[in-house]
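Using my numbering, the letters of the sequence shown correspond one by one to residues 489 to 822. Glycine included, C-beta positions come from ideal geometry on N, C-alpha and C. What you are looking at is a predicted structure, and each value in this text was computed from that prediction instead of being measured.
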Amino acid sequence: MLPCPVCWNNQEKNLCVLDQRLLPWEVSFIFCNTCEDVAQAIESLAVRGAPAIGVAAAYGVALGARKGKLEVERAIERLSRTRPTAVNLFWALDRMSQIAAGTEEEKLFSCLLNEAHAIREEDIAINRQIGTLGQSLLPRDGIVLTHCNAGSLATAGYGTALGVIRAAREHGKNIKVYADETRPVFQGARLTAWELLEEGFDVTVICDNMAGALMQKQAVAAVLVGADRIALNGDTANKIGTYSLAILARYHSVPFYVVAPTSTIDKEACEGSCIEIEERDGSEVREPAGHPLIPESFPVWNPAFDVTPHTLIQAIVTEKGVLTPPFLEKIIDI
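Printed below as a string of structure tokens:
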């Protein structure tokens, strides 16, 4: 059984976070006692994946509530500065803010903690619904290519893109998975491969630049990716390299599916150009996994995400249905 990526420790009254920086070599946990602990866990990628970030942030606000409403406001402001692209973060913070605004001081911690629990449980249920709907897009037997990690580790449990693969197996389907390594942090190689192998899936890791050769050589049934933010027109921000994969899929006539909860939709972003793209420290490229690759003096550009235009997406799978182009009206409807 996979360890829980974000869980409340009821005995110690703190948040237990699986340290994903150490996987697959070591299964270790971080115990967050304050909002600042949670913020640092998010910024350092100890916890990652848009839904998991939202869940962790909700618990971070609850931890701040121990010191009253002023500290809740400070917690929300601090957590909002951790990762700019993942919209689930801001969705969860807004939800916690609304609960805090209508709650008396003496009940603040318990009410916010209950809301964080609800966000976590809802995420798991939503992921299972997404999986059930999405698996219908996959054949009885086939090859699926994934990018980054959109699995149990990136959510409260079960996963989005990998949840579709899990649901496919539950429906008796035989799916072979190829996982892009996903440079520069290697979430596909370290995390996707690890969690699928732990559950007995047939999975093979490939370098990011091998995806085109795979599609040329093998009959790939689909590309499944998660999302960190979806604009109203369907443009999707996801881990860097997703856009290139979508272009390759289009050239090779491979269906390209985005899998995400509706909380990932940004109703304020009319198109992809409105999405802020996080740029991370160049050390992730210069020293992948802590091993020096290129000199410190070499300039590096390290965007964490790119935007895939909606014209390259065959469907967006949500808990409220499988959306097909044109996306705008359908996204607004849900």
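Nearest to residue i (by Cα), restricted to the options the options
{"i": "Pro814", "options": "Ile822, Val543, Lys808 and Ala803", "result": "Ala803"}
{"i": "Thr750", "options": "Gly714, His779, Glu772 and Pro783", "result": "Gly714"}
{"i": "Ala580", "options": "Glu610, Gln617 and Gly590", "result": "Glu610"}
{"i": "Ile446", "options": "Val773, Phe517 and Ala792", "result": "Missing from the structure shown is residue 446; the chain here goes from 489 to 822 and no further."}
{"i": "Glu767", "options": "Ala574, Ser640 and Val535", "result": "Ala574"}
{"i": "Pro787", "options": "Val795, Asp769, Ile735 and Pro797", "result": "Asp769"}
{"i": "Asn615", "options": "Pro672, Cys636 and Ala644", "result": "Ala644"}
{"i": "Ala642", "options": "Gly630, Gln675 and Asn662", "result": "Gln675"}
{"i": "Ile819", "options": "Ala719, Ser741, Leu800 and Phe744", "result": "Ala719"}
{"i": "Ile763", "options": "Gly809, Ala677, Val673 and Thr796", "result": "Thr796"}
{"i": "Ala777", "options": "Leu626, Asn721, Ala677 and Tyr745", "result": "Ala677"}
{"i": "Leu461", "options": "Leu510, Ser640, Arg654 and Ala563", "result": "What the structure shows of the chain is the stretch from 489 to 822, and residue 461 is not part of that stretch, so it cannot be assessed."}
{"i": "Ile728", "options": "Pro491, Ala613, Asp696 and Tyr739", "result": "Asp696"}
{"i": "Val693", "options": "Val665, Val711 and Leu712", "result": "Val665"}
{"i": "Gly639", "options": "Phe578, Arg569, Phe689 and Thr570", "result": "Phe689"}
{"i": "Ile618", "options": "Leu650, Leu510, Ile631 and Ser741", "result": "Leu650"}
{"i": "Val810", "options": "Ile530, Leu621 and Tyr739", "result": "Leu621"}
{"i": "Leu736", "options": "Val711, Val535, Gly722 and Arg671", "result": "Val711"}
{"i": "Glu756", "options": "Gly722, Tyr739 and His740", "result": "Gly722"}
Between the CA atoms of residue j and residue i - distance to the nearest angstrom
{"i": "Leu533", "j": "Asn726", "result": "15 Å"}
{"i": "Glu561", "j": "Gly660", "result": "48 Å"}
{"i": "Ser771", "j": "Glu594", "result": "45 Å"}
{"i": "Thr634", "j": "Asp668", "result": "6 Å"}
{"i": "Asp821", "j": "Thr806", "result": "13 Å"}
{"i": "Arg774", "j": "Ala588", "result": "43 Å"}
{"i": "Gly700", "j": "Trp496", "result": "42 Å"}
{"i": "Ser761", "j": "Gln499", "result": "45 Å"}
{"i": "Ala681", "j": "Tyr731", "result": "21 Å"}
{"i": "Arg583", "j": "Ile541", "result": "14 Å"}
{"i": "Asn465", "j": "Val747", "result": "The chain is shown from 489 up to 822; residue 465 falls before or after that span and cannot be answered."}
{"i": "Asp629", "j": "Tyr745", "result": "17 Å"}
{"i": "Tyr646", "j": "Leu679", "result": "14 Å"}
{"i": "Asp525", "j": "Cys492", "result": "18 Å"}
{"i": "Pro743", "j": "Asn790", "result": "28 Å"}
Residue i burial status per 10 Å Cβ neighbour count (16 or more: buried)
{"i": "Thr812", "result": "exposed"}
{"i": "Met457", "result": "Given that the chain is displayed from residue 489 to residue 822, the structure contains no residue 457 and the question cannot be resolved."}
{"i": "Gly537", "result": "buried"}
{"i": "Ala527", "result": "buried"}
{"i": "Thr752", "result": "buried"}
{"i": "Asp758", "result": "One detail in the question is off: residue 758 reads as Cys in this sequence, not Asp. Looking at its Cβ environment, which holds fewer than 16 other Cβ atoms inside 10 Å, Cys758 is exposed."}
{"i": "Asn637", "result": "buried"}
{"i": "Gln508", "result": "buried"}
{"i": "Gln586", "result": "exposed"}
{"i": "Ala709", "result": "buried"}
{"i": "Cys523", "result": "buried"}
{"i": "Val691", "result": "buried"}
{"i": "Gly590", "result": "exposed"}
{"i": "Asn662", "result": "exposed"}
{"i": "Ala604", "result": "buried"}
{"i": "Arg569", "result": "exposed"}
{"i": "Val515", "result": "exposed"}
{"i": "Thr799", "result": "exposed"}
{"i": "Ala613", "result": "exposed"}
Per-residue DSSP class, three states only, for residue i
{"i": "Phe578", "result": "helix"}
{"i": "Cys523", "result": "helix"}
{"i": "Asp696", "result": "helix"}
{"i": "Lys664", "result": "strand"}
{"i": "Ile518", "result": "strand"}
{"i": "Glu500", "result": "coil"}
{"i": "Glu687", "result": "coil"}
{"i": "Gly809", "result": "strand"}
{"i": "Val543", "result": "helix"}
{"i": "Asp754", "result": "coil"}
{"i": "Leu633", "result": "strand"}
{"i": "Ala725", "result": "strand"}
{"i": "Phe815", "result": "coil"}
{"i": "Cys599", "result": "helix"}
{"i": "Ala826", "result": "The requested residue 826 does not occur in the structure, where the chain is confined to residues 489 to 822."}
{"i": "Thr648", "result": "coil"}
| said: Pairs of beta-carbons, one from the stretch 770–782 and one from the stretch 703–714, closer than 8 Å: are there three or more? | reply: no
| How about the stretch 589–601 and the stretch 544–559: do they share at least three Cβ pairs that are nearer than 8 Å? | yes
| message | Does the stretch 607–625 come into contact with the stretch 677–685, if we say contact requires no fewer than three beta-carbon pairs (one atom in each stretch) closer than 8 Å? | response | no
| message | Does the stretch 508–519 come into contact with the stretch 551–558, if we say contact requires no fewer than three beta-carbon pairs (one atom in each stretch) closer than 8 Å? | response | no
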